[in-house]
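Position 133 of the sequence shown, counting from 1, maps to 133 under full-length UniProt numbering, and the rest follow consecutively.
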Amino acid sequence: MTHRLTGSIKGQTTPAFALLDQHSKRLGITIAGDDTEKRFSIWSSTAVFRRLNENCTVELESSDRRFLLTLQSNLAEIFEDNGLTITWDEINEGALAPGLSLMHVHSVTRRSPGFTRVRLTGEEASRFATGSLHFRLLLPSDPRTPEWPRISRTGRIIWPEEKIHRPVYTVAAQEEDWLDFDIFHHDGSPTCHWMDRNPVGETVGVMGPGGGWCPSAPVLLLYGDETAQPAIARMLALAEGKVSAVLASSDEDLGALANDSRVFRTDDLVQALKSASVPEDGYVWFAADAERAREARSHLTGLRLAKSQFMVAAYWS
Numbered sequence: 001m002t003h004r005l006t007g008s009i010k011g012q013t014t015p016a017f018a019l020l021d022q023h024s025k026r027l028g029i030t031i032a033g034d035d036t037e038k039r040f041s042i043w044s045s046t047a048v049f050r051r052l053n054e055n056c057t058v059e060l061e062s063s064d065r066r067f068l069l070t071l072q073s074n075l076a077e078i079f080e081d082n083g084l085t086i087t088w089d090e091i092n093e094g095a096l097a098p099g100l101s102l103m104h105v106h107s108v109t110r111r112s113p114g115f116t117r118v119r120l121t122g123e124e125a126s127r128f129a130t131g132s133l134h135f136r137l138l139l140p141s142d143p144r145t146p147e148w149p150r151i152s153r154t155g156r157i158i159w160p161e162e163k164i165h166r167p168v169y170t171v172a173a174q175e176e177d178w179l180d181f182d183i184f185h186h187d188g189s190p191t192c193h194w195m196d197r198n199p200v201g202e203t204v205g206v207m208g209p210g211g212g213w214c215p216s217a218p219v220l221l222l223y224g225d226e227t228a229q230p231a232i233a234r235m236l237a238l239a240e241g242k243v244s245a246v247l248a249s250s251d252e253d254l255g256a257l258a259n260d261s262r263v264f265r266t267d268d269l270v271q272a273l274k275s276a277s278v279p280e281d282g283y284v285w286f287a288a289d290a291e292r293a294r295e296a297r298s299h300l301t302g303l304r305l306a307k308s309q310f311m312v313a314a315y316w317s
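(1) Starting from Gly302, trace the alpha helix (DSSP H) in both directions and tell me its first and last residue.
(2) If you follow the alpha helix (DSSP H) that Arg66 is in, where does it begin and where does it stop?
(3) On the three-state DSSP scale, how would you describe Arg153?
(4) Assess contact between the stretch 109 to 129 and the stretch 142 to 157, defined as three or more Cβ pairs (one per stretch) separated by less than 8 angstroms. Is contact present?
(5) Buried or exposed for His193, going by 16 or more other Cβ atoms inside 10 Å?
(6) Cβ atoms of Leu20 and Ile9: under 8 angstroms apart, would you say?
(7) If Gln12 sits next to Leu84, beta carbons under 8 angstroms apart, how far is it from one beta carbon to the other, in whole angstroms?
(8) State the start and end residues of the unbroken alpha helix (DSSP H) segment that holds Gln271.
(9) Can the beta-carbon of Arg51 be found closer than 8 angstroms to that of Thr36?
(10) Quick one: grab the DSSP three-state call for Thr116.
(11) Let me check understanding here. Comparing Cα to Cα, which of Ser126, Ile183, Thr6, Phe128 lies closest to Leu69?
(12) Could you name the residues of the same chain whose beta carbon sits closer than 6 angstroms to that of Val312, not counting the 5 residues immediately before and after it, in chain order?
(13) Return the first residue and the last residue of the alpha helix (DSSP H) that Phe17 is part of.
(14) Please state if the CB of Gly212 and the CB of Leu133 are separated by a distance shorter than 8 angstroms.
(15) Tell me the residue span of the beta strand (DSSP E) that contains Thr170.
(16) Report the residue from Ile157, Val243, Ala248 whose alpha carbon sits nearest the alpha carbon of Val219.
(17) Just to confirm my understanding: we take Met1, look at its own chain, exclude 5 residues before and 5 after, and list those with CB closer than 8 angstroms. What are they?
(18) Pull up the distance between the alpha-carbon of Trp165 and that of Ser141, whole angstroms please.
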């Protein structure tokens, strides 16, 4: 099924086209067209801006309504922040932000000295089984009277004045109406404070999924610290080719991964990466703190690997 949204920009076509070109890098898109039409694709959606005399028509199309509304809200925000307005023919004013589901905390279970597993339940849980590995957990400042981001009358997302903590987690497992994720314990974490008070029964926001899927490569080399362990565990389960993982994690926290012949433990993650040989058909995935991520990126760049052959992420600073 194809979903569509249309709108228009009155008398501001030239600045609208210039704004699209200006923000193409921010959005990570390539804009095609000329001075009569601009088009691009993003998030499994397409957008077409057409000049109609002094005005401009806007057409959005996607096979997924969530992606369509996400694109609408992003465009509405970019244009509004730059003094331009897209008048949409349809706005779901007051609805929850695109991709946001409200779920309930079903259980909180300590799995190891460093990890606790949380199970959430909700009607839209199945959406988080495929497409991307990660999601944002939204924790309102006051769980008794939570306020959630919603769609405004212009189509952009309006966030509550009260700050919402929005950490990113990896879906560890999903079936039927529930999903599981693991929290790594560390001092000063707002999520750990939330977890420690046993929030069973509370409502939380779950936004996504996002952040990419398991890389597809004949040889997949995974490196990470404890914070990356949930993502690595998920990719080990999903990978179709040859895969190995090096983890800077304790034996107790490795859990079932300690018995996986593809998993190796290390005390020096960067040195383990530097000691490895990356085959021509290999892909390297590395995630840890910001300092080790910088070292890893520098090393992989020095090997002259193509950007399509590796991904380095700083999960904390």
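The C-beta atom is built at its ideal place from N, Cα and C for all residues, glycine as well.
According to the structure shown:
(1) Position 302 of the sequence shown holds residue 302. Note, Gly302: alpha helix (DSSP H), 290 to 302.
(2) Counting from 1 along the sequence shown, the entry for residue 66 is found at position 66. First-last of the alpha helix (DSSP H) with Arg66: 65 to 81.
(3) Walking along the sequence shown from the start, residue 153 turns up at place 153. DSSP places Arg153 in coil when its eight states are reduced to three.
(4) no
(5) Within the sequence shown, the letter at position 193 stands for residue 193. It is exposed - the Cβ of His193 has fewer than 16 other Cβ atoms within 10 Å.
(6) Counted from its first residue, the sequence shown places residue 9 at position 9. Counted from its first residue, the sequence shown places residue 20 at position 20. No, Cβ-Cβ distance for Ile9 and Leu20 is not below 8 angstroms.
(7) In the sequence shown, residue 12 corresponds to position 12, counting from 1. In the sequence shown, residue 84 corresponds to position 84, counting from 1. Right, their Cβ atoms sit about 5 angstroms apart.
(8) Against the sequence shown, residue 271 aligns to sequence position 271. Here the alpha helix (DSSP H) through Gln271 covers 269 to 275.
(9) As a working note, residue 51 is residue 51 in the sequence shown. As a working note, residue 36 is residue 36 in the sequence shown. Result yes, Cβ atoms of Arg51 and Thr36 sit closer than 8 angstroms.
(10) To locate residue 116, count along the sequence shown from 1; it is residue 116. The answer is strand: DSSP assigns Thr116 an E or B state.
(11) Locating residue 69 in the sequence shown gives position 69, counting from the first residue. Residue Thr6 is the option with its Cα nearest to Leu69.
(12) Against the sequence shown, residue 312 aligns to sequence position 312. Contacts found: Phe286, Ala293, Ala296, Arg297.
(13) As a working mapping, residue 17 is identified with position 17 in the sequence shown. From DSSP, the alpha helix (DSSP H) with Phe17 extends over 13 to 27.
(14) One-based indexing of the sequence shown puts residue 133 at position 133. One-based indexing of the sequence shown puts residue 212 at position 212. Yes, the Cβ-Cβ distance between Leu133 and Gly212 is below 8 angstroms.
(15) Within the sequence shown, numbered from 1, the residue matching residue 170 stands at position 170. Counting along the chain, the beta strand (DSSP E) containing Thr170 begins and ends at 168 to 175.
(16) Counting from 1 along the sequence shown, the entry for residue 219 is found at position 219. Nearest option by C-alpha distance: Val243.
(17) Translated into the one-based positions of the sequence shown, residue 1 becomes position 1. Correct list, in chain order: Ser63.
(18) Numbered from 1 along the sequence shown, position 165 holds the residue referred to as residue 165. Numbered from 1 along the sequence shown, position 141 holds the residue referred to as residue 141. Note on residue identity: the sequence assigns His, not Trp, to residue 165. If you take the alpha carbons of His165 and Ser141, they lie about 8 angstroms apart.
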